[in-house]
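Undergrad: The sequence shown begins at 624 in the working numbering and counts up one residue at a time.
Yeah, the Cβ is synthetic: ideal placement off N, Cα and C, and Gly gets one too.
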Amino acid sequence: MLTLYAVVPCYNEEEILPRSAELLREKWQGLMAAGKISADSRITLVDDGSADNTWPIIRDLCEAENSLFCAVRLSRNRGHQAALLAGLEASMDVCDACVSLDADLQDDIHVIDRFIQEYEAGCDIVYGVREDRSSDSFGKRFTAQGYYKFLKLLGVDIIYNHADYRLMSRRALHGLLSYGERNLFLRGIIPELGFRTAQVAYTRQARQAGESKYTLKKMLTLAFDGITSFSVRPIRLLSVLGVLTLLVSIVMAVYTLVSHFTGNTVSGWPSLMISIWFLGGLNLLALGVVGEYIGKIYGEVKQRPRYIVEQTIGNVSRFE
Ligand code: UDP
Ligand code: MG
624 MLTLYAVVPC
634 YNEEEILPRS
644 AELLREKWQG
654 LMAAGKISAD
664 SRITLVDDGS
674 ADNTWPIIRD
684 LCEAENSLFC
694 AVRLSRNRGH
704 QAALLAGLEA
714 SMDVCDACVS
724 LDADLQDDIH
734 VIDRFIQEYE
744 AGCDIVYGVR
754 EDRSSDSFGK
764 RFTAQGYYKF
774 LKLLGVDIIY
784 NHADYRLMSR
794 RALHGLLSYG
804 ERNLFLRGII
814 PELGFRTAQV
824 AYTRQARQAG
834 ESKYTLKKML
844 TLAFDGITSF
854 SVRPIRLLSV
864 LGVLTLLVSI
874 VMAVYTLVSH
884 FTGNTVSGWP
894 SLMISIWFLG
904 GLNLLALGVV
914 GEYIGKIYGE
924 VKQRPRYIVE
934 QTIGNVSRFE
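(1) Give me the DSSP bridge partner(s) of residue 792.
(2) In three-state DSSP terms, what is residue 904?
(3) Do you know how far the Cα of residue 771 is from the Cα of residue 625?
(4) Classify residue 628 as buried or exposed, calling it buried when 16 or more other Cβ atoms lie within 10 Å of its own Cβ.
(5) Can you determine whether any heavy atom of the ligand UDP sits closer than 7 Å to the C-beta of residue 835, and answer yes or no?
(6) Is the separation between the beta-carbon of residue 746 and that of residue 838 shorter than 8 Å?
(7) Should residue 895 go down as buried or exposed, given a rule of 16 or more other Cβ atoms within 10 Å for buried?
(8) Look up residue 633 in the DSSP assignment and give the residues it is bridged to.
(9) For residue 696 and residue 817, what's the separation of their Cα atoms in angstroms?
(10) When you measure from the CB of residue 830 to every non-hydrogen atom of the ligand MG, does any distance come out below 7 Å?
(11) Express the C-alpha separation of residue 672 and residue 758 in angstroms, rounding to a whole number.
(12) For the stretch 747–800, list the alpha helix (DSSP H) runs that are entirely contained and at least 4 residues long, ordered along the chain.
(13) Can you give me the C-alpha to C-alpha distance between residue 826 and residue 804, rounded to a whole angstrom?
(14) DSSP three-state call for residue 730: helix, strand or coil?
(15) In the structure shown, what three-state DSSP assignment does residue 924 receive?
(16) Would you call the stretch 789–796 and the stretch 719–732 in contact, with 3 or more CB pairs under 8 Å?
(17) Give a yes or no on contact between the stretch 641–652 and the stretch 904–911, applying the rule of three or more CB pairs nearer than 8 Å.
(18) Rounded to a whole number of angstroms, what is the C-alpha to C-alpha distance between residue 740 and residue 824?
(19) Under three-state DSSP, which class holds residue 853?
(20) Taking 7 Å as the line, does the beta carbon of residue 729 fall inside it for any heavy atom of the ligand UDP?
(21) Return yes when the Cβ of residue 713 is within less than 8 Å of the Cβ of residue 667, no when it is not.
(22) Have a look at the DSSP bridge pairing and note the partners of residue 693.
(23) So, does the stretch 682–698 touch the stretch 924–934, judging by three or more C-beta pairs under 8 Å?
(24) For a test of the three-state rule: what should DSSP assign to residue 821, helix, strand or coil?
(25) Measuring only the C-alpha atoms, how far is residue 654 from residue 773?
(26) Hey, how far is the Cα of residue 811 from the Cα of residue 687?
(27) Determine the contact status of residue 665 and residue 693, defining contact as a CB-CB distance below 8 Å.
(28) On the CB-based measure, 16 or more other CB atoms within 10 Å of its CB, does residue 677 come out buried or exposed?
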């Protein structure tokens with residue numbers, strides 16, 4: 624029978640975690656009673672360096688009798704993507720498949736039944752896809768959808784309206800962990816893995832308690848990583864722009880020479896000024912983008928660890 628682990632990254636979630644954990648426990652017990660998952664199935668809670676009571680809550684959950692919970696605690700806040708990866712890595716060798724979901728349970732957990740169906744039908748990756756975004760503010764909806772379209776345009780293969788709510792089989796997880804890159808944008812890597820996949824549509828609720836832990840800065844960093852980790856088109860675009868600028872400068876040269884021989888030398892001044900500013904700006908832009916990629920290479924060659932585990936509880940890998 625399927626041994627299923629849930630992996631839940633938690634960052635300062637004291638307000639909502641007790642309730643979410645209760646709902647998840649009931650869900651897991653229900654699935655066990657229905658014979659859909661084995662009795663070894665667990666829920667791995669990852670504490671992403673929380674500053675509030677999240678870790679004591681997690682520890683108590685793990686230490687309760689017949690607890691269904693396991694825990695991984697990171698040594699400091701590393702961000703959602705790294706915390707999720709830590710939980711997946713800790714869980715993948717003791718289960719057949721993992722479902723990743725957020726601690727606020729905005730994603731309907733009853734969809735997991737359909738995830739399991741697809742898994743049993745032979746899928747290695749099952750994506751939860753949001754049917755509509757009515758629970759988001761207008762601003763978030765607008766920027767998120769624009770961003771997905773922009774990524775597609777840049778040639779990044781991404782599942783539309785899919786966040787990190789998905790089921791992955793053990794072999795898909797091993798594939799994921801074999802990607803050594805440090806800049807994490809899981810949504811971009813996972814479609815590259817291949818395997819048979821399926822999509823399950825669901826409606827996402829609003830957050831019940833606490834505030835979004837995705838600050839604007841965290842969101843922008845993730846969005847930027849998504850682009851620069853997967854696409855070299857910004858660089859290619861610059862080359863094209865460079866060629867076009869060259870063509871323009873030939874026209875400008877001809878124009879300047881003609882003006883010169885017809886005696887209107889003073890009129891060359893505006894075009895000169897414009898050229899200087901334009902080329903100066905272009906140079907700076909080019910340097911900036913190239914620098915961005917070099918920064919990325921710098922980060923990758925250092926091979927820094929993506930996270931450091933401080934402690935684990937329950938049936939998860941020990942990292943020793
Ligand atoms: N999260 C995390 N580390 C962070 C930020 C967020 O582990 O630095 C977790 C958070 O606890 C939650 C999930 O990532 O389980 C998604 O965060 P949130 O619900 O705040 O994002 P939103 O739904 O607003 O996009
Ligand atoms: Mg949320």
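TA: This is what the structure gives:
(1) 720
(2) helix
(3) 33 Å
(4) buried
(5) yes
(6) no
(7) exposed
(8) 670
(9) 31 Å
(10) yes
(11) 28 Å
(12) 761–776, 793–800
(13) 32 Å
(14) strand
(15) helix
(16) yes
(17) no
(18) 14 Å
(19) helix
(20) yes
(21) yes
(22) 667
(23) yes
(24) strand
(25) 39 Å
(26) 38 Å
(27) yes
(28) buried
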